[in-house]
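Okay, so here's the structure we're looking at.
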Amino acid sequence: GPGGGAPLENANPLIYRRSGERPVTAREEDDELPDSIDDREIFDRAGAGAGGRSSASAFLNPAHLIRSINDPEHPLTLEELNVVEQVRVKVNDAESTVSVEFTPTIPHCSMATLIGLSIKVKLIRSLPERFKLDVHITPGTHVSEHAVNKQLADKERVAAALENSHLLEVVNQCLSARS
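The opening residue of the sequence shown carries number 7 in my numbering; numbering runs sequentially from there.
In structure tokens:
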């Protein structure tokens with residue numbers, strides 16, 4: 007982990023079964039029809055069918071999905087640790103809003119800000135700029151939820167964090183495909 011040999015905070019996390027891949031509909035494969043963005047699209051494959059060329063989905067990178075963001079401490083994805091769940095992703099394509107609630111594995115997880123930042127960066131890199139993003143901790147699941155949520159909601163603090171080369175490297179590791 008990033009602690010350089012330090013003991014893990016949560017050495018034996020519960021591991022959850024991944025949900026199945028979303029079937030791609032004929033409508034989604036039709037490049038002539040506009041493709042709206044929904045919660046499953048954010049959580050999942052992001053319009054990967056037929057080369058993912060449809061309008062809104064053209065911005066989404068099917069190689070990096072929020073369900074497959076890596077945990078900073080374990081060789082597991084956020085989905086496998088139940089940190090992100092599709093039911094906690096809310097999208098309003100018409101109003102251009104995306105809200106993602108994430109649940110740290112333990113209430114005193116020191117990685118909560120890093121996990122939230124990784125989710126936010128993934129969305130920033132994947133979605134059209136018109137989307138307003140809200141990434142926050144599931145209420146009542148972390149001792150510092152209000153402080154972490156405040157940091158994640160502050161555009162200047164997020165931008166400053168991403169100018170820190172070490173922090174950016176850790177975020178990029180969370181977002182890279184596992185070999």
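Ideal Cβ placement from N, Cα and C applies to all residues, glycine included. Computed from a predicted model, the values in this text were never measured in an experiment.
Which one or two residues does DSSP pair with residue 138 in a beta bridge?
Along the sequence shown, read from residue 1 onward, the residue named residue 138 stands at position 132. DSSP lists 103 as partners of residue 138.
How many Å lie between residue 138 and residue 103 at the Cα?
The count along the sequence shown starts at 1 and reaches residue 138 at position 132. The count along the sequence shown starts at 1 and reaches residue 103 at position 97. Looking at the two C-alpha atoms, the distance is approximately 5 Å.
Straight-line Cα distance separating residue 20 from residue 68:
On the sequence shown, position 62 is the one that residue 68 refers to. On the sequence shown, position 14 is the one that residue 20 refers to. Unreliable positioning characterises residue 68 in this predicted model, as indicated by a pLDDT of 30, which lies under 50. The coordinate reading is nonetheless provided below. Computed Cα separation, rounded: 26 Å.
Taking 8 Å as the threshold (C-beta atoms), are residue 75 and residue 128 in contact?
Looking up residue 128 in the sequence shown gives position 122. Looking up residue 75 in the sequence shown gives position 69. A contact, by the Cβ cut-off of 8 Å.
Hey, out of 148, 113, 142, 120, whose CA is closest to residue 174's CA?
Taking the first residue of the sequence shown as 1, we reach residue 174 at position 168. Ranking the options by Cα distance to residue 174, first place goes to 120.
Proximity below 8 Å, CB of residue 83 to CB of residue 109
The count along the sequence shown starts at 1 and reaches residue 83 at position 77. The count along the sequence shown starts at 1 and reaches residue 109 at position 103. No. Outside cutoff.
Compute the Euclidean distance between the alpha carbons of residue 131 and residue 18, then round it to the nearest angstrom.
In the sequence shown, the residue the question calls residue 131 occupies position 125. In the sequence shown, the residue the question calls residue 18 occupies position 12. Answer to the nearest angstrom: the Cα atoms are 32 Å apart.
Name the two residues that bound the continuous beta strand (DSSP E) containing residue 95.
For the purposes of this step, residue 95 is identified with residue 89 of the sequence shown, where counting begins at 1. Segment 95 to 98, the beta strand (DSSP E) holding residue 95.
From the DSSP output, in three-state form, read off residue 83 for me.
Here residue 83 refers to the residue found at position 77 of the sequence shown. Note: residue 83 maps to strand in three-state DSSP.
Look up residue 76 in the DSSP assignment and say whether it is helix, strand or coil.
Stepping through the sequence shown from its first residue, residue 76 is reached at position 70. In this structure, residue 76 counts as strand in the three-state DSSP scheme.
Between which two residues does the alpha helix (DSSP H) holding residue 149 run?
Taking the sequence shown and counting its residues from 1, the one referred to as residue 149 is at position 143. Looking at the DSSP string, residue 149 is not in any alpha helix (DSSP H), and its letter there is neither H nor E.
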